[in-house]
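So the protein sequences, as listed, match chains A and B.
Residues in the first sequence are numbered from 1 upward in steps of one, following my numbering.
Residues in the second sequence are numbered from 1001 upward in steps of one, following my numbering.
Where is the CB? At the ideal position from N, CA and C, for every residue including glycine.
Structure first, then comments.
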Amino acid sequence: MKNLALYKIPIGYMLIYVVLILASGLWLFLLSQGLDSSEGVLHTIQTIMHTPKPKSLHSFIEVAAPHLFAIGTLIFVVAHFMLFSTKVSQKVSLVVAMLLFALALFNIFSYLAISFGLFVSGWIKLVSLLLFVLLFLFLLGLVAFSL
Amino acid sequence: MKFLVTKDLAHSTLLTTLMSAVVFAILLYIALDVVLHAYVIGLDMDSIKATLFGDEANFVEPILLDSLLLQVHIDLFMTLFAMLILSSVYIRLYSKKALTKWIVHLLFIFGLLAPVVLLLAYLAAPSLAMVWLIIFVIWHLLAVVVSIMILKKLLFK
């Protein structure tokens, strides 16, 4: 970063906040799929693979609408800090950010495919969610590396 | 943040007005956030305990983990954006003050701790309910003070 010592503080905290937002989002998703204290995370993931919880169009839109706004804004805000980076090329930042936007859309709309019966198994949601979270963590790593 | 930081706009009336407006909006958000949490969780120990752990005498069920976690998830998101904007403007205006660094640290730390402690109180340690209330009040007061300092500097310089 270029001579912006004080601005490193909010950017650093932003990384922690985003990790917590991702973690609480994952937890909420698992809870919506039946996670409770008696059956662990692995069992819930197996359940999602075999019989994902049915979701009406209304429930889908209720989740998708705020997430389209929130995830889009969050990616923009995090990725725009790469404009200050002197350690990572803007080309790399651009590819990561665009891929992340694509994965976010794929992740949000994957449950629609399950709801409409295009996929019986929930693997598509799990894969898209995993890829999205991993790539977001990678972007956070790039921002942290640039600080 | 890039637009707030750039020196090219240092003397722009438009930017000054925009910064005042966004900080005023955040000030209103902080006030309404207190009201929202008073409704959802409660702002006195009796209502907080009744919300988190239920109240058998009055047949009140404890809040569901899904509902509380959703509130925490939203709180983290909203706090992040409010604090990013507030701290960016504050740093721009008060970068020469020695206290600025610590005020920004405190804003983010209390904003982060409030939802985390609330969740911990619900899941593991009911005694933390009081700690949540203290942290929640401190970070809202701090954010109000910072907002007023910013508005004072922008509007009455």
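Just to make sure I have the definition right: I need the residues of chain A whose C-beta is within less than 7 Å of the C-beta of residue i. Which are they?
i, result
"residue 1101 of chain B", "6 and 9"
"residue 1037 of chain B", "Within 7 Å Cβ-Cβ: nothing; residue 1037 of chain B doesn't reach chain A, min ~17 Å."
"residue 1091 of chain B", "6 and 7"
"residue 1095 of chain B", "6"
Find the residues of chain B that neighbour residue i, judging by a C-beta separation of less than 8 Å, and give them in chain order.
i, result
"residue 14 of chain A", "1080 and 1084"
Between the Cα of residue i and the Cα atoms of the options, which residue gives the shortest distance?
i, options, result
"residue 1051 of chain B", "B:1062, B:1043 and B:1057", "B:1062"
"residue 1126 of chain B", "B:1036, B:1020 and B:1046", "B:1046"
"residue 126 of chain A", "A:67, A:20, A:47 and A:9", "A:47"
"residue 1124 of chain B", "B:1053, B:1107, B:1044 and B:1026", "B:1053"
"residue 1115 of chain B", "B:1020, B:1075 and B:1108", "B:1075"
"residue 142 of chain A", "A:30, A:75, A:24 and A:20", "A:75"
"residue 1117 of chain B", "B:1136, B:1096 and B:1097", "B:1136"
"residue 1143 of chain B", "B:1012, B:1049 and B:1108", "B:1108"
"residue 114 of chain A", "A:52, A:64, A:36 and A:28", "A:52"
"residue 6 of chain A", "B:1091, B:1140 and B:1112", "B:1091"
"residue 1121 of chain B", "B:1021, B:1026 and B:1041", "B:1041"
"residue 1081 of chain B", "B:1156, B:1099, B:1112 and B:1064", "B:1112"
"residue 60 of chain A", "A:32, A:26 and A:11", "A:32"
Suppose you measure from the CA of residue i to the CA of residue j; what does that come to, to the nearest Å?
i, j, result
"residue 2 of chain A", "residue 1066 of chain B", "Because residue 2 of chain A carries a pLDDT of 42, less than 50, the predicted location of this residue cannot be relied on, and no value is offered for it."
"residue 140 of chain A", "residue 81 of chain A", "10 Å"
"residue 1034 of chain B", "residue 1088 of chain B", "23 Å"
"residue 1039 of chain B", "residue 1031 of chain B", "13 Å"
"residue 117 of chain A", "residue 94 of chain A", "34 Å"
"residue 1132 of chain B", "residue 1093 of chain B", "31 Å"
"residue 45 of chain A", "residue 1079 of chain B", "31 Å"
"residue 22 of chain A", "residue 133 of chain A", "7 Å"
"residue 1101 of chain B", "residue 1145 of chain B", "15 Å"
"residue 135 of chain A", "residue 1072 of chain B", "23 Å"
"residue 79 of chain A", "residue 88 of chain A", "12 Å"
"residue 1044 of chain B", "residue 1036 of chain B", "14 Å"
"residue 119 of chain A", "residue 13 of chain A", "39 Å"
"residue 28 of chain A", "residue 121 of chain A", "20 Å"
"residue 1015 of chain B", "residue 1129 of chain B", "41 Å"
"residue 1095 of chain B", "residue 15 of chain A", "22 Å"
"residue 9 of chain A", "residue 1048 of chain B", "32 Å"
"residue 4 of chain A", "residue 57 of chain A", "46 Å"
"residue 1057 of chain B", "residue 1134 of chain B", "27 Å"
"residue 91 of chain A", "residue 131 of chain A", "20 Å"
"residue 71 of chain A", "residue 1055 of chain B", "37 Å"
"residue 100 of chain A", "residue 1156 of chain B", "43 Å"
"residue 30 of chain A", "residue 1104 of chain B", "34 Å"
"residue 1026 of chain B", "residue 96 of chain A", "31 Å"
"residue 24 of chain A", "residue 1064 of chain B", "15 Å"
Looking only at its chain, what residues have a beta carbon closer than 8 Å to the beta carbon of residue i, apart from the 5 residues adjacent to it on each side?
i, result
"residue 128 of chain A", "103, 106, 107 and 110"
"residue 1023 of chain B", "1085, 1086, 1089, 1147, 1150, 1151 and 1154"
"residue 1069 of chain B", "1119"
"residue 1012 of chain B", "none"
"residue 18 of chain A", "74, 78, 136 and 140"
"residue 49 of chain A", "121, 122, 123 and 126"
Using a C-beta to C-beta distance shorter than 8 Å, which residues of chain A count as neighbours of residue i?
i, result
"residue 1066 of chain B", "28, 31 and 32"
"residue 1072 of chain B", "24"
"residue 1069 of chain B", "24, 27, 28 and 31"
Can you list, in chain order, the residues of its chain whose CB lies under 7 Å from that of residue i, leaving out five sequence neighbours each side?
i, result
"residue 1017 of chain B", "none"
"residue 1138 of chain B", "1110"
"residue 64 of chain A", "108"
"residue 1106 of chain B", "1142"
Show which residues of chain A have a CB atom less than 9 Å away from the CB atom of residue i.
i, result
"residue 1140 of chain B", "Neighbours of residue 1140 of chain B on chain A: none; closest Cβ ~17 Å, over 9 Å."
"residue 1108 of chain B", "9, 10, 12, 13, 14, 16 and 17"
"residue 1104 of chain B", "6, 9, 10 and 13"
"residue 1113 of chain B", "Under the 9 Å cutoff, chain A gives no residues; its nearest Cβ is about 11 Å from residue 1113 of chain B."
"residue 1088 of chain B", "7 and 10"
Closer than 9 Å by beta-carbon distance: list the chain B residues that pair up with residue i, in chain order.
i, result
"residue 124 of chain A", "Neighbours of residue 124 of chain A on chain B: none; closest Cβ ~23 Å, over 9 Å."
Can you name, in chain order, every residue of its own chain whose Cβ lies under 6 Å from the Cβ of residue i, other than the five neighbours on each side?
i, result
"residue 1028 of chain B", "none"
"residue 85 of chain A", "146"
"residue 144 of chain A", "15"
Is residue i close to chain D, meaning its C-beta is less than 7 Å from at least one C-beta of that chain?
i, result
"residue 1047 of chain B", "In summary, chain D is missing from the structure at hand, where the protein chains are A and B."
For residue i, go through chain B and note every residue whose CB falls closer than 7 Å to its CB, in chain order.
i, result
"residue 20 of chain A", "1076"
Considering only heavy atoms of the ligand GDP, does any lie closer than 6 Å to the CB of residue i?
i, result
"residue 17 of chain A", "This structure does not include the ligand GDP; it has no bound ligands of any sort."
Using Cβ-Cβ distances below 7 Å, what residues of the segment 52 to 70 of chain A are close to chain B? Those would be 70, in chain order.
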